[in-house]
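Visitor: Have a look at the structure that comes next, please.
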Amino acid sequence: MTEWFTETLHPWLAQRLRMDRVLYREKTEHQDLIIFENEKFGRVLTLDGVVQTTEGDEFVYHEMLTHVPLTAHGNAKRVLIIGGGDGGMAREVLKHPEVEHLTMVEIDRAVVDMSVEHLPSLSAGAFDDPRFDLVITDGAAYVAETGDRFDVIIVDSTDPIGPGEVLFTAEFYANCKRCLTEGGIVVTQNGVPALQGSEVTNSWNRLGKSFADVWFFVAPVPTYQGGFMAFGWATDDKAKRKTELSVLEERFAKADITTRYYTPAVHQGSFALPRFILDLLK
Numbered sequence: 083m084t085e086w087f088t089e090t091l092h093p094w095l096a097q098r099l100r101m102d103r104v105l106y107r108e109k110t111e112h113q114d115l116i117i118f119e120n121e122k123f124g125r126v127l128t129l130d131g132v133v134q135t136t137e138g139d140e141f142v143y144h145e146m147l148t149h150v151p152l153t154a155h156g157n158a159k160r161v162l163i164i165g166g167g168d169g170g171m172a173r174e175v176l177k178h179p180e181v182e183h184l185t186m187v188e189i190d191r192a193v194v195d196m197s198v199e200h201l202p203s204l205s206a207g208a209f210d211d212p213r214f215d216l217v218i219t220d221g222a223a224y225v226a227e228t229g230d231r232f233d234v235i236i237v238d239s240t241d242p243i244g245p246g247e248v249l250f251t252a253e254f255y256a257n258c259k260r261c262l263t264e265g266g267i268v269v270t271q272n273g274v275p276a277l278q279g280s281e282v283t284n285s286w287n288r289l290g291k292s293f294a295d296v297w298f299f300v301a302p303v304p305t306y307q308g309g310f311m312a313f314g315w316a317t318d319d320k321a322k323r324k325t326e327l328s329v330l331e332e333r334f335a336k337a338d339i340t341t342r343y344y345t346p347a348v349h350q351g352s353f354a355l356p357r358f359i360l361d362l363l364k
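As numbered in the working numbering, the sequence shown has no gaps in its residue numbers, which increase by one up to the final residue, 364.
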């Protein structure tokens, strides 16, 4: 009998993925975790009934949420990832030779362990890099308490429900600001604006309480239904969002990074928002 994974996105919308082979299924201390194989998308990681990432299209999400802030910054030596237990974000960050230290704070050790075992292509050895440091704790508590400072903070969170809810608050964003070096950048996962417009509006207002320059950039991730996915951008250095294309191209060429989606031109264009997203910035 064919088993299907049904993700109820909204009361009026759901998507189904065929579960060709279930690799792991367990209720951890924090959430329900399932990893399964699908003919089209490869291996799929889900948490609490929501698809988090797939081998088939993870590169779009992970490349955009890392290479946009790191290339715009130009010299990010210390990076912090909140979440990111599957390892895809760490993989992309560590492609940048200027990065000297990467801290990843993940609340659920099982996500890391099971991703290493069943989704090894996502981390691709990143967890063994000597520059990498894994901290198993609550991300909101970490930014509130740590004495470390970072050039870029990447918030690779679930949606604002359950364990991820606290990572969308004004207090959390203020604590991220506290952890940044001068001119540092915070980027966030902000859902699909066509279906989750309130996430963009809320983050726009809450980030704006702490940062001088707040905006969003977008990319289409096929797994996440509804078109463009939005990524939040916040910094006090207004020039970084408007870095010239020639500078982005020079930095990216120097880093000598191979990508499947990100290019400097895509980077620059991703900040041009369609009207319906601009209308959410109130």
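We put the CB at the ideal spot given by N, CA and C, even for glycine.
1. When burial is assigned at 16 or more other CB atoms within 10 Å of the CB, is L176 buried or exposed?
2. May I have the straight-line CA-CA distance separating S239 from L105, to the nearest angstrom?
3. Does the stretch 172-192 come close enough to the stretch 107-119 to have 3 or more Cβ pairs within less than 8 Å?
4. Determine the contact status of L152 and H112, defining contact as a CB-CB distance below 8 Å.
5. Who are the near neighbours of R333 in its chain, counting only those whose CB is closer than 7 Å to its CB and skipping five residues on each side?
6. Between the alpha carbons of A256 and G221, how many angstroms are there, rounded?
7. State the CB to CB distance for the pair E174 and T148, rounded to an integer number of angstroms; the pair is presumed to be in contact (CB under 8 Å).
8. In this structure, how does DSSP classify I359 when only helix, strand and coil are distinguished?
9. Please determine, among E281, R323, T185, the residue with the shortest C-alpha to C-alpha distance to D295.
10. Residues in its own chain within less than 6 Å of G138 by CB, not counting five upstream and five downstream?
11. How far does the alpha helix (DSSP H) with Y224 in it extend, from its first residue to its last?
12. For the stretch 301-310 against the stretch 281-289, do three or more pairs of beta-carbon atoms, one drawn from each stretch, fall closer than 8 Å, so that the two count as touching?
13. What three-state label does DSSP hand N120 in the structure shown?
14. Where does P151 fall in DSSP's three states?
Guide: Inspection of the coordinates gives the following:
1. buried
2. Distance between the alpha carbons of S239 and L105 is about 23 Å.
3. yes
4. no
5. T153, G156
6. 13 Å
7. Sure, about 4 Å apart at Cβ, within 8 Å.
8. helix
9. R323
10. F123, G124
11. Start and end: 221-227.
12. Too few Cβ pairs lie closer than 8 Å, so no.
13. strand
14. helix
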